[in-house]
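Encoded as structure tokens, the structure appears first; notes follow it.
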Amino acid sequence: MLYSVRMRSAEGGAHETGGRHISGAERLVSYDKVTETANAMMARAFTHSRGQADFINIKVEAVREQDIVTIPLLPVSTAAVKNAEAGRTAAKYALIKAGVSPSAAEKGMAELLALPDSMRGAMLVCAKTGQRLDDRENRGVRVSRMDISDDDGFACWLKKHDLSNIHVREALVLAAKVAFAPGVLAELCWSDDPEYTTGYVASAKEYIRFPHLKLYGSPVGGRVFFVKPDSDIQALLYYLEQQPVLVTAPTKDGEQLAVSS
Ligand code: AMP
Numbered sequence: 001m002l003y004s005v006r007m008r009s010a011e012g013g014a015h016e017t018g019g020r021h022i023s024g025a026e027r028l029v030s031y032d033k034v035t036e037t038a039n040a041m042m043a044r045a046f047t048h049s050r051g052q053a054d055f056i057n058i059k060v061e062a063v064r065e066q067d068i069v070t071i072p073l074l075p076v077s078t079a080a081v082k083n084a085e086a087g088r089t090a091a092k093y094a095l096i097k098a099g100v101s102p103s104a105a106e107k108g109m110a111e112l113l114a115l116p117d118s119m120r121g122a123m124l125v126c127a128k129t130g131q132r133l134d135d136r137e138n139r140g141v142r143v144s145r146m147d148i149s150d151d152d153g154f155a156c157w158l159k160k161h162d163l164s165n166i167h168v169r170e171a172l173v174l175a176a177k178v179a180f181a182p183g184v185l186a187e188l189c190w191s192d193d194p195e196y197t198t199g200y201v202a203s204a205k206e207y208i209r210f211p212h213l214k215l216y217g218s219p220v221g222g223r224v225f226f227v228k229p230d231s232d233i234q235a236l237l238y239y240l241e242q243q244p245v246l247v248t249a250p251t252k253d254g255e256q257l258a259v260s261s
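Residue numbers for the sequence shown follow the numbering used here, beginning at 1 and rising by one.
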């Protein structure tokens, strides 16, 4: 049995009553790690650079091992871009290369740039027309019940490739789950941490990091999942929110997964 541990925190009251989203986290851990994981999430909610949370919701749910799907991590590369403008142009190109139409790539990026503040989850956007497909407004769709299968091996691998930070760790796991979702062609993301400007474009083939996708100091981040036209949105929502997924960590010596820069 594994346990899904999820946290969401807000400032100014609960999300449901209009509180401003501060941070969230999702893990899938064994019984002996539940308390330590929940404690770390609470500490994180109280010390996030986006603000001081006064509402924290931590949910723990048992997950049966036979319900878990295992998928591999995506190959990672980093594109050399000098500033946010160059990063966004390169990211749009990567989205188009992944099958998103040029106008949908443009619209999805514009939706993220127009956000007045960070959402809790992601927007589902049609990969052909650029129209928003979910009805979750500024709550968005939150991907949960996922983790890496071998924490220690993954930590070693991240260190070896100079990727040891919490943002990369979490994003690589989330992006792998999303890339294998039924109907998702590509994902665009940048963080809501004001000090972290790196974002990425991911598809079933690869995960490309862009060191500048937003301006330093901006507390607004977000995610867009570009979805093939005529996809079954209910099936997609079920997969993203409910399906437990473990992502296979690269081997400790780092040979399993290619990283280029
Ligand atoms: P982060 O990468 O944690 O800085 O998150 C950046 C943005 O991505 C957040 O503001 C949310 O809009 C979105 N996001 C974060 N975590 C998730 C998740 N588990 N599922 C969907 N969207 C998320």
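Note that beta-carbon positions come from the ideal geometry of N, C-alpha and C, so glycine has one too.
Kindly indicate if chain B contains any beta-carbon less than 8 angstroms away from that of residue i.
i      : result
Asp134 : Protein chain content of the structure displayed is limited to a single chain, and chain B is not contained in it.
Would you tell me roughly how many angstroms separate the C-alpha atoms of residue i and residue j, rounded to the nearest one?
i      : j      : result
Arg27  : Met109 : 28 angstroms
Gly254 : Gly99  : Residue placement at Gly254 is poorly supported in this model, since its pLDDT is 49, which falls under 50; the coordinates still yield a value, given next. Approximately 29 angstroms between the Cα atoms of the pair.
Val29  : Val125 : 31 angstroms
Ser77  : Ala122 : 23 angstroms
Ile56  : Ala179 : 29 angstroms
Lys128 : Asp230 : 10 angstroms
Gly130 : Leu185 : 13 angstroms
Asp265 : Val81  : Because the chain in this structure spans residues 1 to 261, residue 265 falls outside the shown range and cannot be described.
Ser101 : Gly183 : 15 angstroms
Pro75  : Lys205 : 7 angstroms
Gly140 : Ile58  : 19 angstroms
Ser203 : Gly153 : 24 angstroms
Asp40  : Ile233 : Residue identity differs from the one stated: residue 40 is Ala in this sequence, not Asp. If you take the alpha carbons of Ala40 and Ile233, they lie about 33 angstroms apart.
Ser9   : Gln66  : 31 angstroms
Ala53  : Pro211 : 28 angstroms
Leu163 : Arg169 : 8 angstroms
Gly24  : Lys97  : 30 angstroms
Ala181 : Arg6   : 20 angstroms
Thr248 : Pro72  : 5 angstroms
Ala38  : His15  : 19 angstroms
Ile68  : Val60  : 16 angstroms
Ala94  : Leu237 : 24 angstroms
Tyr3   : Tyr31  : 7 angstroms
Met1   : Glu36  : 17 angstroms
Ala62  : Leu246 : 15 angstroms
Quick one: what does DSSP say residue i is sitting in, helix, strand or coil?
i      : result
Thr17  : helix
Tyr207 : strand
Val173 : helix
Glu195 : coil
Ala84  : helix
Gly254 : Summary for Gly254: the model assigns pLDDT 49, below 50, so the residue's position carries little reliability; its value from the coordinates is reported in the next sentence. Correct three-state label for Gly254: coil.
Val143 : coil
Leu213 : coil
Ala94  : helix
Thr78  : strand
DSSP has residue i in a bridge; who is on the other side?
i      : result
Val247 : Ile71, Ile148
Cys189 : Tyr200, Arg223
Ala25  : Met7
Val168 : Note: Val168 sits in no beta bridge, so no partner.
Taking the alpha helix (DSSP H) that residue i falls in, what are its first and last residues?
i      : result
Asn39  : 34–46
Glu106 : 102–113
Glu241 : 233–242
By the DSSP assignment, the beta strand (DSSP E) with residue i in it spans what residues?
i      : result
Ala62  : 55–63
Ala10  : 2–11
Leu163 : That residue, Leu163, is in no beta strand (DSSP E); it is neither H nor E in DSSP.
Met123 : 123–126
- Touching by the beta-carbon criterion (3+ pairs, under 8 angstroms), the stretch 223–233 and the stretch 35–54: no
- Task: Kindly confirm or deny that the stretch 207–219 and the stretch 232–250 touch, where touching means at least three C-beta pairs closer than 8 angstroms.
- Result: no
- Item | the stretch 165–181 touching the stretch 142–151, judged by at least three CB pairs closer than 8 angstroms | yes
- Three-pair Cβ contact test at 8 angstroms for the stretch 87–96 versus the stretch 187–202: yes
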